[in-house]
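Quick notes on the structure that follows.
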Amino acid sequence: MSTTTRATVPDVRWLLRLDAGLETVLTVVCVILAYGLLGTDRWRVPSWLSTPVLLVVAIALLLAAALLWWLSDRPIPAAVRAVAVANGVTALAFLTWAIIGLGADVRLRVLLAVTAVLLGVLATTQFSWTIRPSGENTS
């Protein structure tokens, strides 16, 4: 028996639901940015990130949130690993965007950096659950 504390199935369910919650918050942020509800002068988005693009991203994020919630009831290690990798890749992309800028306002760049950190922590935690020895992922 290992003395190392590792995530159990209920823990990974919680992580997937937390991830779904984050995706839902990002959906709301996309809609707010798409319609300029915070003011276009204070939260400037790049010109290439138009309202239709932001709304498509919002719909995709909402679908991802629903999928993550569904997956949380049946956390299959391979699926959790895929979610972890997707979160890691997205975190790297957001961090790169935050550093380079690509026409984003400073506030948006900070939001991207914070989101990148949150996604990175989620990815690391989710992936660590998938690499445990066989038999430890079920309980």
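Numbering (this note's numbering), first residue to last: 1377 to 1515. Positions of the beta carbon are idealized from the N, C-alpha and C atoms, including for glycine. Because the structure is a prediction, the values reported are computed rather than measured.
DSSP, read as helix, strand or coil, puts residue 1419 in coil. Using a C-beta cut-off of 8 Å, the stretch 1494-1508 makes contact with the stretch 1454-1469, since at least three inter-stretch Cβ pairs fall below that distance. Counted as a single uninterrupted DSSP element, the alpha helix (DSSP H) harbouring residue 1445 occupies residues 1427-1448. The residue among 1475, 1483, 1433 with its C-alpha nearest the C-alpha of residue 1414 is 1483. Look at residue 1475 here: in three-state DSSP terms it is helix.
Taking 8 Å as the cut-off, the Cβ atoms of residue 1450 and residue 1506 do not count as close. Here residue 1480 is buried: its Cβ has 16 or more other Cβ atoms, across all protein chains shown, within 10 Å.
Boundaries of the alpha helix (DSSP H) around residue 1389: 1385-1410. In this structure residue 1491 is buried. Its beta-carbon is surrounded by 16 or more other beta-carbon atoms within 10 angstroms.
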